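Note sheet for the following structure.
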Amino acid sequence: MSLPYHDEIQKLKQYKMILDHNSIVSKTDVNGIITYVNDKFCEASGYSKDELIGKNHRIIKHPDNPEHIYQHMWDTIKNKKIWQGTLKNRKKNGEAYYVKSTIAPILNSYDKIIEYIAARIDVTDLVHKDEIIKNQFMDELTGLQNRTALLHDLKLNGENKASLVLINIDRFSDINDYFGYEVGDEVLKSFSQTLLQAHKKVYRISGDEFAILCEHTLNNTAKQAITAILDTLQNSSYSFEGMNISLFLSCGVSYGKKKDIYKFSHIALKDNKRTNKKVTFFNENPDLQNRIKENLEIITKIKNAIDNDRFVPYYQGIVDNKTQEIVKYEALIRLQERDGKIISPVFFLEHAKKAKLYTQLTKIMLEKVFQKFADSKCSFAINFTLEDIESQEVVQTLVENLQKYACGERVTVEIVESEGIENFDEVSNFIKKAKMYGCKIAIDDFGTGYSNFSYLGKLDIDFIKIDGSLVLNMHQGGAEMATLESILHFAKKMQIKTIAEFVKDEETYETLHQMGVDYSQGYYFCKPQENLRD
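Position 478, counted from 1, in the sequence shown is what the numbering used here calls 517; the numbers after and before it change by one each time, with no gaps.
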């Protein structure tokens with residue numbers, strides 16, 4: 040039975056109230072003349088309703104938007120379809136703001152367009168925060184892309200082949216010591232421009248180390264081109280205050296899968312410093328390739344440690360910044376050699392992944408850590424990468440332990456952010472499953488690499504672990520401090536707790552505490568250890 044006419048009207052009014060409460064809403068006629076705006080539209084644009092009604096929507100158009108966006112929008116809605124997109128608008132006072140828009144045509148009973156309605160969400164904060172993260176792909180001094188950008192580019196289509204040239208300026212510290220850091224900085228900027236004249240894809244990896252990424256094979260022509268670039272660089276001199284400064288370079292080159300060439304080029308570069316050749320090509324040097332044999336020996340060591348039960352969890356406390364009391368422990372994997380020496384995962388974890396042994400290590404850790412905390416009231420955290428999340432075997436091991444020990448409310452799963460968390464559906468489904476057992480979720484190492492605020496709002500997370508590099512370098516100000524402040528602002532707005540890693544001393548702790556970080560982890564409070572602190 041249909042509702043009376045006045046009930047239908049009442050329903051429509053309630054729909055409108057909900058839409059007006061949550062969105063920036065406007066209506067226009069078929070020519071784009073504004074016929075209605077809600078209060079949120081006025082608040083966002085800075086215009087009053089009287090200033091907007093009867094005006095063309097171009098009144099808030101920002102000149103930075105390409106014309107093809109508007110052409111596509113009009114083509115879509117005139118064809119009676121819904122258009123969605125993000126636009127940069129301009130307020131009455133000239134300030135820019137960003138909106139995620141949905142525009143739909145309204146049709147009459149004759150299927151003719153009579154007006155358009157648009158609903159928008161202000162995403163200015165997210166856009167600005169993403170810009171801060173993107174700035175971390177750029178080297179501030181030279182304007183080149185940085186190491187993070189290179190690693191990102193190498194990870195994209197990692198199975199494709201390319202050549203990587205690493206160049207180091209030898210004894211560059213002598214220039215800084217003799218002429219001063221200001222002159223040294225000018226030399227680096229001039230050197231960067233010389234590199235850019237030779238190739239487009241240039242990166243500054245560290246203080247005096249640069250990279251060129253070539254999307255081609257390493258044939259004789261390419262080798263000659265690389266040698267020619269080095270000749271140009273070696274023969275260039277930089278004049279400052281009446282003195283000519285010449286540079287001496289070391290260079291290592293490798294060719295192969297993009298995901299592998301960075302480490303091979305570094306091996307070649309180190310060897311080049313030792314031999315003083317003009318350039319060292321990894322692929323033509325059998326001695327360097329023997330390093331692969333050494334890697335195989337590490338893999339053998341990993342296998343033996345698995346077979347002899349010599350992978351052990353170490354635990355590091357996480358403290359409440361208000362009370363300085365340990366509230367939970369993070370479990371960290373270690374390899375114990377036959378002589379009792381403890382090996383950090385830095386030396387074996389990547390090798391384990393390449394050898395497809397990583398899943399076994401995760402399962403070993405899960406079994407040992409859950410057993411450790413079975414009869415304890417302590418809360419604890421375990422690390423999961425995307426590889427773990429995508430492994431049905433690993434996820435099933437986690438679930439079995441959660442069911443066996445019924446301790447989900449004491450468990451935090453730390454998802455390593457740098458491992459591709461933007462695979463949204465996979466991660467989101469895993470989080471839902473873990474939450475079913477009472478687990479809390481943390482995003483680990485957030486703030487560098489592939490960090491992105493936009494997906495965090497879509498995931499049901501409890502903690503953001505601030506990447507240790509931001510904490511270590513925050514005293515320098517600049518991008519690190521801006522990123523840290525942005526993370527804290529976002530977390531507070533989203534009611535997500537924050538944990539700072541690498542808290543090394545009292546000064547660092549006090550600064551973080553004053554900034555509003557909720558928890559701290561680092562050597563200032565406790566080092567990773569095999570036994571829990573009493």
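Using N, Cα and C, we set each Cβ at its ideal position, and we do this for glycine too.
These numbers come from a predicted model, not from an experiment.
Cα separation between G295 and R377? 36 Å
If we call anything under 8 Å between Cβ atoms a contact, is I505 one with E465? no
Determine the closest residue to I92 out of K100, N77, D103, P102, with distance taken between C-alpha atoms. N77
Determine the burial state of S245: buried for a count of at least 16 other Cβ atoms within 10 Å of its Cβ, exposed for fewer. exposed
Can you tell me whether N128 is helix, strand or coil according to DSSP? strand
Jot down the residue ranges of each uninterrupted beta strand (DSSP E) in the segment 69-99, minimum 3 residues, whole runs only, in chain order. 73-76
By DSSP, does Y397 sit in helix, in strand, or in coil? helix
If you compare alpha carbons, which of A530, F564, N360 is closest to K168? A530
Would you kindly work out how many angstroms separate the C-alpha atoms of S493 and K88, rounded to a whole number? 31 Å
Note down the Cα distance separating E406 from Y558, rounded to an integer number of angstroms. 27 Å
Identify which residue in Q435, L205, D346 has its Cα closest to the Cα of R186. L205
Through-space distance from E545 to Q553, alpha-carbon basis: 12 Å
Measuring straight from C-alpha to C-alpha, what distance separates K66 and R159? 12 Å
Would M112 and I142 be called neighbours here (beta carbons separated by less than 8 Å)? yes
Who are the near neighbours of F419 in its chain, counting only those whose CB is closer than 7 Å to its CB and skipping five residues on each side? K367, Y368, A370, V408, F412, R449, V450
Could you tell me whether the segment 430-440 touches the segment 388-408, using the rule of 3 or more Cβ pairs below 8 Å? yes
Using CA atoms only, rank isn't needed, just tell me which of P567, K297, R313, K239 is closest to C290. R313
Excluding sequence positions up to five away, which residues of its chain have a Cβ less than 7 Å from the Cβ of Q328? none
Within 8 Å, strictly: CB atoms of E389 and I421: no
Is the CB-CB distance between L203 and L252 below 8 Å? yes
Reduced DSSP category for R186 - H, G, I as helix; E, B as strand; rest coil: helix
Outcome for R243 when other beta-carbon atoms lying within 10 angstroms are tallied against a minimum of 16: buried
Taking Cβ to Cβ, would you say L36 is nearer than 8 Å to K317? With the chain running from 40 to 573 in the structure shown, residue 36 is simply not present.
Sort N570, K100, N128 by Cα distance to Q355 and report the nearest one. N570
According to DSSP, is Q363 part of a helix, a strand, or is it coil? coil
For T115 and Q123, the rounded distance between their alpha carbons: 10 Å
What does D483 pair with, by DSSP beta-bridge criteria? V455
Hey, could you find the ends of the alpha helix (DSSP H) M554 is sitting in? 545-554
Rounded C-alpha distance that separates I208 from S278: 17 Å
Could you give the first and the last residue of the continuous beta strand (DSSP E) run that contains F321? Run containing F321: none; DSSP gives neither H nor E here.
When you compare the CB positions of K298 and L193, do they come within less than 8 Å of one another, or not? yes
Through-space distance from I503 to Q15, alpha-carbon basis: Here the chain covers residues 40 to 573 and nothing more, so residue 15 does not appear.
Length of the line joining the Cα atoms of C565 and I108: 54 Å
Once you ignore the five residues that flank V438 on each side, which residues in its own chain have a CB closer than 8 Å to its CB? K472, Y476
Jot down the residue ranges of each uninterrupted alpha helix (DSSP H) in the segment 191-248, minimum 4 residues, whole runs only, in chain order. 211-218, 220-237
From I372 to L509, what does the alpha carbon distance come to, in whole angstroms? 23 Å
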